[in-house]
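What follows is a set of notes on a single structure, which appears directly below.
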Amino acid sequence: RLVADETCDFERACTIWDGGKVVAQAGIARSGAHVCALDSSTEFSTTLRLAPGALPSGHYAHLVIDFERYEPRARSSFGALAVLSVESQEGSKRYYEPVRMNPLPGERDGAWEHIHYEIPLPLALLPNDRVLFYIWNKEHGEFLLDDMRAQAFTVNPY
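Note that the working numbering has the sequence shown beginning at 608, numbered continuously upward.
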């Protein structure tokens, strides 16, 4: 069952995405004029935040994440990680999984690439859990993100 669905194009305030360094990049942005910029001084992207209660407790969840990534120089985002985290209300991490953001390294300078993830959460959610997804610019590369879409589904336990 679909419980959340939002695309953040950085042209307006978003409800389940927030934070990150949003800048105007008219002529480069994939859509509109604004993007989320990551660079040597920006470590984290805009973050998907599903607050406690957004997903029903006792169920498993499945996230579908899509976004566009721009590299001014090929491979400039190679060290970036996509992070999925489930945290308790007190802030302790019940689940934490970083994976390479790029399924394949960029091959051309100045190119947009579509990134797609389908991520099952391997634990049943508790009433006060919050689910986070973000890009960690671990090696301080330079790249842009646009049109970040999240779909969250609940799945009945087996």
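No residue lacks a Cβ here, since even glycine has one placed at the ideal position from N, Cα and C.
- Per DSSP, reduced to three states, the secondary structure at Cys643 is strand.
- With respect to the 9 Å criterion, Trp719 and Glu675 are classified as neighbours on the basis of their beta carbons.
- For Phe740, the uninterrupted beta strand (DSSP E) run begins and ends at Arg737 to Trp743, by DSSP.
- Leu657 is bridged by DSSP to Val738.
- Fewer than three pairs of CB atoms, one per stretch, sit closer than 8 Å, so the segment 655-669 makes no contact with the segment 709-723.
- Taking the C-beta atoms as reference points, Ser692 is found nearer than 9 Å to Val738.
- Annotation: the continuous beta strand (DSSP E) that includes Asp753 extends over Phe750 to Val762.
- Nearest to Trp743 by C-alpha distance, out of Thr622, Arg637, Asp646 and Ala636, is Asp646.
- For Arg676, the uninterrupted beta strand (DSSP E) run begins and ends at Tyr667 to Glu678, by DSSP.
- Within its own chain, the residues whose Cβ lies closer than 6 Å to the Cβ of Ala631, once the five positions on either side in sequence are excluded, are Ala640 and His641, listed in chain order.
- Excluding five sequence positions before and after Pro659, the CB atoms of its chain that fall closer than 8 Å to its own CB belong to Gln696, Pro734, Asn735, Asp736 and Arg737, given in chain order.
- Secondary structure note for Ser692: its beta strand (DSSP E) is the uninterrupted segment Leu688 to Glu694.
- Per DSSP, the beta-bridge partners of Ile726 are Leu670.
- Beta-carbon to beta-carbon, Tyr702 and Leu728 are separated by about 7 Å, close enough to satisfy the 8 Å threshold.
- Per DSSP, reduced to three states, the secondary structure at Lys700 is strand.
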